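For the record, the sequence lines run as chains A and B. If you're matching positions, the first sequence starts at 653 in the working numbering and goes up one per residue. If you're matching positions, the second sequence starts at 653 in the working numbering and goes up one per residue. C-beta: ideal position from N, C-alpha, C; glycine also. As the structure is a prediction and not an experimental result, all values here were calculated from the model. Before any comments, here is the structure.
There are 2 protein chains.
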Amino acid sequence: MSTDLAQALDLGAIRRRVDAVLAKFLHHPPHAVPAQRGCGGELDRELAAFVLAPGKRIRPLLCVLGWYAAGGADGEEALWHTAASLEVFHAFALIHDDIMDASETRRGRLSAHRAFAARYSHRPDADAFGAHAALLLGDLALIRSDALLHGAGLSARQRDAVLPLVDTMREEVLLGQHMDLVATGRPSGDVEHALAVARYKTAKYTVERPLHVGAALAGAGPEVLALCSAYALPLGEAFQLRDDVLGTFGDPDTTGKPVLEDLRSGKATVLMAVAAQHATPDQKRTLQALVGRPDLDQEGAATVQRILRQTGALATVEEMITTRYEAALSALATDVLDPRVADALRSLAVRAVIRTA
Amino acid sequence: MSTDLAQALDLGAIRRRVDAVLAKFLHHPPHAVPAQRGCGGELDRELAAFVLAPGKRIRPLLCVLGWYAAGGADGEEALWHTAASLEVFHAFALIHDDIMDASETRRGRLSAHRAFAARYSHRPDADAFGAHAALLLGDLALIRSDALLHGAGLSARQRDAVLPLVDTMREEVLLGQHMDLVATGRPSGDVEHALAVARYKTAKYTVERPLHVGAALAGAGPEVLALCSAYALPLGEAFQLRDDVLGTFGDPDTTGKPVLEDLRSGKATVLMAVAAQHATPDQKRTLQALVGRPDLDQEGAATVQRILRQTGALATVEEMITTRYEAALSALATDVLDPRVADALRSLAVRAVIRTA
Chain A
653 MSTDLAQALD LGAIRRRVDA VLAKFLHHPP HAVPAQRGCG GELDRELAAF
703 VLAPGKRIRP LLCVLGWYAA GGADGEEALW HTAASLEVFH AFALIHDDIM
753 DASETRRGRL SAHRAFAARY SHRPDADAFG AHAALLLGDL ALIRSDALLH
803 GAGLSARQRD AVLPLVDTMR EEVLLGQHMD LVATGRPSGD VEHALAVARY
853 KTAKYTVERP LHVGAALAGA GPEVLALCSA YALPLGEAFQ LRDDVLGTFG
903 DPDTTGKPVL EDLRSGKATV LMAVAAQHAT PDQKRTLQAL VGRPDLDQEG
953 AATVQRILRQ TGALATVEEM ITTRYEAALS ALATDVLDPR VADALRSLAV
1003 RAVIRTA
Chain B
653 MSTDLAQALD LGAIRRRVDA VLAKFLHHPP HAVPAQRGCG GELDRELAAF
703 VLAPGKRIRP LLCVLGWYAA GGADGEEALW HTAASLEVFH AFALIHDDIM
753 DASETRRGRL SAHRAFAARY SHRPDADAFG AHAALLLGDL ALIRSDALLH
803 GAGLSARQRD AVLPLVDTMR EEVLLGQHMD LVATGRPSGD VEHALAVARY
853 KTAKYTVERP LHVGAALAGA GPEVLALCSA YALPLGEAFQ LRDDVLGTFG
903 DPDTTGKPVL EDLRSGKATV LMAVAAQHAT PDQKRTLQAL VGRPDLDQEG
953 AATVQRILRQ TGALATVEEM ITTRYEAALS ALATDVLDPR VADALRSLAV
1003 RAVIRTA
């Protein structure tokens, strides 16, 4: 383990290094088709702008922490390229997710499909065109994340360890998306289903697998991988539950996300499922009438918020967050981990769960 | 080179072997998420049904022929898995393409997005839901093609040779799609742009790169790769030009594709670009009024067909097909290739260009 571990674990420094790899790769993509006649590299420019917009880089961060958790040494290019490839993959997930959710904005800018529609507003089919161009942009992000990973300079041992994990991660987030898509618009009292979506879409995809990928890259054995899971899964669920609470009760100016979006789309959150379980018949009818209405207004949202409080759903979910947060922290209380790595993971956990945006 | 090469080159036998790999992989996908609660493996079932529906398997065939062209020996599992992964990738391309083209049918069945919309017709958002589920299905196909390739048992040497080629192939088809998307609905006289789309979407993606992948897997040097390109690029362009002619003049009962589809969407084919170049001002106005009209009827289509003949566009494109077909065949007249491999490639070329469906 590096003596400069404390420095290596500086989250800001990790982010900057990942950003540098991303910028270099996206501005000069390898194997790029030379002549994009009539399109002038539009998709490449859009992808670079999308990925390089300021972001938390949570998946690359966790990948790097997983590497150090497994005792990885300093300074391997393979680590930085692999970590960066997770961010490019994430761009794919976000761009396609925004199409499905019909989201207007992302990271304070127009979402990809809205940006294309705006740029091609002279076309009679501008909206469909925007969705289709964004579909291709997402596909390009996925393909480029592969190219970045394939060219990361992994040893044969690392490839054998990492590629199946990455494939699994991709599949998990996709099936989580599918479960989400099927459930959205049909709010039910199925807490287990809502939790399973949170597990696949967030806990595994955002936290566990990035840690695993970094750890496997450093040659982690089953003990370290299991420790990563014990930390990641409850933390990831807590993160998603916090997201759901902020999506309904947060301050849009702070979250950057309109409060009405989750409610209008009828997102099948754990919060909503718990409320549906404990609602009186009257409250249930009100929820069914309001949640999933594309024209829900502030007054309707306030009514839903009131029911989420009255049924105890908000308190229950806050308690679920706390339980999971504590489980994640207690997983770190082990001498398998260098205490400085445990500290970094603890600090990430605090920020994931105790936040307003 | 195997003494049983003639047998190894039996195209029907290759197809059956690829189909067997596909069926095994898709019915028992590795790393599959165990509990797709509430969705019951729906995406997996759809993907298996989509890929396993009868098809020409042209890309796997060419991959296997590329392998033998480079002197590959019999019976490597890596070859069959790699060849099959190209077909799974192609499912991704078709599923997303059908969303963008709003195609109703594919291979004589409902297209993926229409099939989902029909199955979920009880949802008020059935059409959007169908498009979004198909978006995810396409994503899954892409991800699974990676998993199949990553698990194909390639040696380190093979991985280094093949993965960058596959990444390039994916990027080329995507950028071809983008060029196509931008040009569609705006028919112009830009023959070069239309030819570039044909090159990226078809010549490189469907013919050249599959040959390259198979050849690289067998350790091909630059000479064999260049020979593959000399055969593939003109053949692939001829194939696409034939497709365009059939799309406008073919018998829908034979092609399985409504003649009006290309015309209604305003597909920017070479055929249309040549016509626009040679049209009188009157003919040009007629083309602009009719091509790209979503409600174009048979009478309008007949008018467009007449202009395509009168301007000489149909004859020009038929001549372009012949020139390219001959160039492809003459590339095979070399002693670099085993004559039996050259025969198989020649037989594929005939079928690609001289066809009615």
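For residue i, the nearest candidate out of the options (CA to CA)
| i | options | result |
| --- | --- | --- |
| A743 of chain B | B:V859, B:S773, B:E978 and B:L674 | B:L674 |
| I1006 of chain A | A:L817, A:V740, A:G888 and A:C715 | A:G888 |
| T955 of chain A | A:V1002, A:T900 and A:E970 | A:T900 |
| R976 of chain A | A:L714, A:A793, A:V1002 and A:D832 | A:V1002 |
| S982 of chain B | B:R998, B:T757 and B:A808 | B:R998 |
| A855 of chain B | B:W719, B:H930, B:T734 and B:E824 | B:E824 |
| Y852 of chain B | B:T820, B:G841 and B:G873 | B:T820 |
| L806 of chain A | A:E729, A:E875 and A:S755 | A:E729 |
| L1000 of chain B | B:E951, B:R958 and B:V859 | B:V859 |
| S773 of chain A | B:R697, B:F741, B:V834 and B:F781 | B:V834 |
| G866 of chain A | A:D696, A:L695 and A:L731 | A:L731 |
| L826 of chain A | B:A658, B:D903 and B:A785 | B:A785 |
| A780 of chain A | A:A769, A:L789, A:L788 and A:G790 | A:A769 |
| A980 of chain A | A:R711, A:T836 and A:D995 | A:D995 |
| G638 of chain A | A:A985, A:F741, A:V988 and A:V969 | Here chain A has residues from 653 to 1009 only, and residue 638 of chain A is not among them. |
| T836 of chain A | A:A778, A:A808, A:D914 and A:V670 | A:D914 |
| V716 of chain A | A:R669, A:T968, A:L966 and A:A701 | A:R669 |
| L788 of chain A | B:L714, B:A850, B:Q935 and B:D753 | B:D753 |
Residue i in three-state terms, based on DSSP
| i | result |
| --- | --- |
| R758 of chain B | strand |
| L638 of chain B | Coverage of chain B is limited to positions 653 through 1009, which leaves residue 638 of chain B absent and any answer about it impossible. |
| P706 of chain B | coil |
| V988 of chain B | coil |
| Y852 of chain A | helix |
| R838 of chain A | coil |
| G828 of chain B | helix |
| K936 of chain A | helix |
| D750 of chain B | helix |
| M653 of chain A | Since pLDDT at M653 of chain A reaches only 43, below the 50 mark, its modelled position is unreliable, and the value read off the structure follows with that caveat. Coil at M653 of chain A, not helix or strand. |
| V926 of chain A | helix |
| G690 of chain A | Confidence in G690 of chain A is poor, its pLDDT being 49 and thus under 50, which makes the residue's placement unreliable; the coordinate value appears in the next sentence. In this structure, G690 of chain A counts as coil in the three-state DSSP scheme. |
| K919 of chain B | coil |
| T907 of chain A | helix |
| E728 of chain A | coil |
| H774 of chain A | coil |
| L695 of chain A | helix |
| R1007 of chain B | coil |
| D662 of chain A | coil |
| T975 of chain B | helix |
| A872 of chain B | coil |
| V993 of chain B | helix |
| S763 of chain B | coil |
Buried or exposed (CB count within 10 angstroms, at least 16 for buried), residue i
| i | result |
| --- | --- |
| S737 of chain A | buried |
| K919 of chain A | buried |
| G664 of chain A | exposed |
| E739 of chain A | buried |
| H748 of chain A | buried |
| Q892 of chain B | buried |
| E698 of chain B | buried |
| Q950 of chain B | exposed |
| A660 of chain A | buried |
| G839 of chain B | Per the sequence presented here, residue 839 of chain B reads as Pro, with Gly not at that position. When all chains shown are included, P839 of chain B counts as buried. |
| H864 of chain B | buried |
| R759 of chain A | exposed |
| A808 of chain B | exposed |
| A967 of chain A | exposed |
Cβ-heavy atom distance, residue i to the ligand MN, below 8 Å
| i | result |
| --- | --- |
| E913 of chain A | This structure does not include the ligand MN; it has no bound ligands of any sort. |
Beta-carbon separation (whole angstroms), residue i vs residue j, contact threshold 8 Å
| i | j | result |
| --- | --- | --- |
| H802 of chain A | L815 of chain B | 4 Å |
| P862 of chain A | G718 of chain A | 7 Å |
| A722 of chain B | V876 of chain B | 5 Å |
| A799 of chain B | P682 of chain B | 6 Å |
| V943 of chain A | M924 of chain A | 7 Å |
| H930 of chain B | T963 of chain B | 4 Å |
| A941 of chain B | V911 of chain B | Not a contact, Cβ separation roughly 18 Å. |
| A705 of chain B | R761 of chain B | 7 Å |
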